[in-house]
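Residue numbers (the working numbering), protein chains in the order written: chain A, 3 to 115; chain B, 113 to 227.
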């Protein structure tokens, strides 16, 4: 079982809807990430939070709004999305300043109609 | 320029045979880490193996080994005794600088294990 939990696993939304993706980890990791993965493509970094502060924003459109309420939780708020935003959204965590791996969740598969 | 290159879109291997998945990388940073992840159809990215740029020995984890050739900037994954459950997408990734917070992923190789 993965130690990074993402909900919901599947989400269908219209272009005018507001929804949120949630991610939770209890490994004491201090860095958390959102990646976007289109079909048959590698994951692309969107945001990184380090010690609950946004440290990297890879020029992501403002219709994606990340939030890190505490060290265990990471949200991605979605508003006015486009059909091309349909993708698998992966959350990951890692120990800060660590050469080891990112732990990924199973992802939230988003479809925008 | 591509930081990670995986030139094999798809590979087939007979069950119980070994297979090598290729990965080359490009960086000018002397400190970096190389990773291999497996992504089954469920979507989760599963960490397989890690190699640091200063590691003298090739990394091994069970049936997985990393053939690290620093001068050639290659980090090939070797899977021994392939199993049907090894069928998945495999991504090579690199972290530049040991304190960097990003992994750059290659385009992936889809491995199919044939019974």
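Note that CB positions come from ideal geometry on N, CA and C, so glycine has one too.
Predicted, not measured: the structure shown is a model, and the values here were computed from it.
Less than 9 Å between CB atoms is the rule here; does residue 103 (chain A) satisfy it with respect to chain B? Against the first chain, residue 103 (chain A) aligns to sequence position 101. Chain B contact via Cβ: present.
For residue 37 (chain A), the nearest candidate out of A:68, A:84, A:113 and A:83 (CA to CA): Along the first chain, one-based indexing puts residue 37 (chain A) at 35. Checked all of A:68, A:84, A:113 and A:83; the closest Cα to residue 37 (chain A) is A:68.
Distance CB(residue 22 (chain A))-CB(residue 72 (chain A)) smaller than 9 Å: To locate residue 22 (chain A), count along the first chain from 1; it is residue 20. To locate residue 72 (chain A), count along the first chain from 1; it is residue 70. No; because the gap between Cβ atoms is not below 9 Å, this pair is not in contact.
According to DSSP, is residue 68 (chain A) part of a helix, a strand, or is it coil? Here residue 68 (chain A) corresponds to residue number 66 of the first chain, with the count starting at 1. Here residue 68 (chain A) sits in strand by DSSP.
Per DSSP, what kind of secondary structure is residue 196 (chain B) in: helix, strand or coil? What you label residue 196 (chain B) is simply residue 84 of the second chain in a count that begins at 1. Reduced to three states, the DSSP call for residue 196 (chain B) is helix.
For residue 80 (chain A), which residues of its own chain have a beta-carbon under 6 Å away from its beta-carbon, when the five flanking residues on both sides are left out? In the first chain, the residue the question calls residue 80 (chain A) occupies position 78. If we look at residue 80 (chain A) and ignore the five residues flanking it on each side, its Cβ neighbours are 21.
Check this for me: beta carbons of residue 90 (chain A) and residue 155 (chain B), under 9 Å apart or not? In the first chain, counting from the first residue as 1, residue 90 (chain A) sits at position 88. In the second chain, counting from the first residue as 1, residue 155 (chain B) sits at position 43. In this structure, residue 155 (chain B) lies closer than 9 Å to residue 90 (chain A) by Cβ.
By alpha-carbon positions, which one of A:114, A:113, A:103 and A:115 ends up nearest to residue 157 (chain B)? The residue you call residue 157 (chain B) lines up with position 45 of the second chain. If we check each option's Cα against that of residue 157 (chain B), A:103 comes out closest.
How big is the Cα-Cα spacing for residue 64 (chain A) and residue 40 (chain A)? Along the first chain, read from residue 1 onward, the residue named residue 64 (chain A) stands at position 62. Along the first chain, read from residue 1 onward, the residue named residue 40 (chain A) stands at position 38. Looking at the two C-alpha atoms, the distance is approximately 19 Å.
Establish whether the CB of residue 215 (chain B) and some CB of chain A are separated by less than 9 Å. Translated into positions along the second chain, residue 215 (chain B) becomes position 103. True, the Cβ-Cβ gap to chain A drops below 9 Å.
How would you call residue 184 (chain B), buried or exposed, if buried means at least 16 neighbouring beta carbons within 10 angstroms? Counted from its first residue, the second chain places residue 184 (chain B) at position 72. With fewer than 16 Cβ atoms within 10 Å of its Cβ, residue 184 (chain B) is classed as exposed.
Is residue 226 (chain B) close to chain A, meaning its C-beta is less than 9 Å from at least one C-beta of that chain? Translated into the one-based positions of the second chain, residue 226 (chain B) becomes position 114. So, not an interface residue.
Please identify the residue among B:135, B:200, B:168 and B:142 whose C-alpha is closest to the C-alpha of residue 208 (chain B). On the second chain, position 96 is the one that residue 208 (chain B) refers to. Checked all of B:135, B:200, B:168 and B:142; the closest Cα to residue 208 (chain B) is B:142.
Is there a Cβ of chain B sitting closer than 9 Å to that of residue 54 (chain A), yes or no? In the first chain, residue 54 (chain A) corresponds to position 52, counting from 1. No, because no Cβ of chain B sits closer than 9 Å to the Cβ of residue 54 (chain A).
Is any beta-carbon of chain A found at less than 9 Å from that of residue 199 (chain B)? Mapped onto the second chain, residue 199 (chain B) falls at position 87. Chain A, which has no Cβ nearer than 9 Å to the Cβ of residue 199 (chain B), makes this no.
Identify, in the order they occur along the chain, each residue of the same chain with its Cβ nearer than 8 Å to the Cβ of residue 151 (chain B), setting aside the five sequence neighbours on each side. Walking along the second chain from the start, residue 151 (chain B) turns up at place 39. Cβ within range, chain order: 157, 158, 200, 201, 202, 203 and 220.
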